[in-house]
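Below: the structure, in structure tokens.
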């Protein structure tokens, strides 16, 4: 694994130049005269009836059966001039479950894709695999990687993440500051950070430089206005 990075935007952006970077990696299985391929239309791309990572590309009535790079799937809804091999989160494979043999490496389970690292207590890292090389990223503080959406989300919204263990904070049973559905608590370890408990599960927020969480107003305030620095939830 290489290039440990910090992700600034918690919404993961896919490659803008997929076609340039990975389009050349696809495999042509057969052409007309080999495999009995036919073109439903003279020009276009058409999904394999059985495999989600395979499609038939027709140009002037000449078919080519093409396999996407390992880890990517054919998106029949992609615009014609867009690269059609895309991440699984963007592709509906209903009725076409077949895939090529996995080409895993020491870093990556597939040649391409995003994959969660860690366990339910350590949910904030993920790996982007490109051509079998793994690049490790950190979600912004307090967010967890969601394998189902390829995003960094609130940990309570990630099924595989234990939000309380990950954030090191258990929402008290007692009511919080201002409100029952969303309860606010200052971080016992850092007064400039606080937790919002949503349906009994925590989310971490930060007041920012020069501000701290003020229990008296239930929100962030100038640090000079915060006089209580001791919080006891027992």
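Numbering (the UniProt record's numbering), first residue to last: 1 to 234. C-beta atoms are modelled at their ideal positions from N, C-alpha and C, and glycine is treated no differently. Keep in mind that this is a model prediction, so the values were computed, not measured.
- Beta-bridge pairing by DSSP links residue 54 to 67.
- Residue range 201-206 is occupied by the beta strand (DSSP E) that includes residue 204.
- Taking C-beta atoms under 8 Å as the contact rule, residue 37 and residue 56 qualify, at a distance of about 6 Å.
- The region 211-226 makes contact with the region 187-199, as at least three CB pairs between them are under 8 Å.
- Per DSSP, residue 166 is one residue of the alpha helix (DSSP H) stretching across 163-167.
- Annotated three-state conformation of residue 224 is helix, per DSSP.
- Contact between residue 74 and residue 121 is ruled out by a C-beta separation of about 37 Å, above the 8 Å threshold.
- When secondary structure is reduced to three states using DSSP, residue 109 falls in the coil class, being assigned neither helix nor strand.
- Here residue 125 is actually not in contact with residue 107; their C-beta atoms are around 14 Å apart, not less than 8 Å.
- Straight across, the Cα-Cα distance linking residue 202 with residue 82 is about 40 Å.
- Annotation for residue 150: 12, 87, 89, 114 place their beta carbon closer than 7 Å to its own, counting only its chain and skipping 5 residues before and after.
- For the 9 Å CB-CB criterion, residue 102 and residue 110 form a contact.
- The C-beta distance from residue 85 to residue 72 rounds to 4 Å, short enough to meet the 8 Å contact threshold.
- Between residue 80 and residue 132, the C-beta spacing is not below 9 Å.
- Judged by their CB atoms, residue 160 and residue 96 are not nearer to each other than the 9 Å cut-off.
- Here DSSP, grouped into helix, strand and coil, assigns residue 62 to strand.
- Residue 153 sits in a strand when the DSSP states are folded into three classes.
- Boundaries cannot be given for residue 77, as no beta strand (DSSP E) includes it and DSSP labels it neither H nor E.
- Checking the DSSP bridge columns, you'll see residue 85 partnered with 74.
- Apart from sequence neighbours up to five positions away, the residues of its chain that approach residue 39 with a beta-carbon distance below 6 Å are 58, 61, 63, ordered along the chain.
- In the three-state scheme derived from DSSP, where H, G and I count as helix and E and B as strand, residue 138 is classed as strand.
- 123 is the residue among 123, 148, 218, 210 whose C-alpha sits nearest the C-alpha of residue 155.
- Around the beta carbon of residue 182, fewer than 16 other beta carbons sit within 10 angstroms, so the residue counts as exposed.
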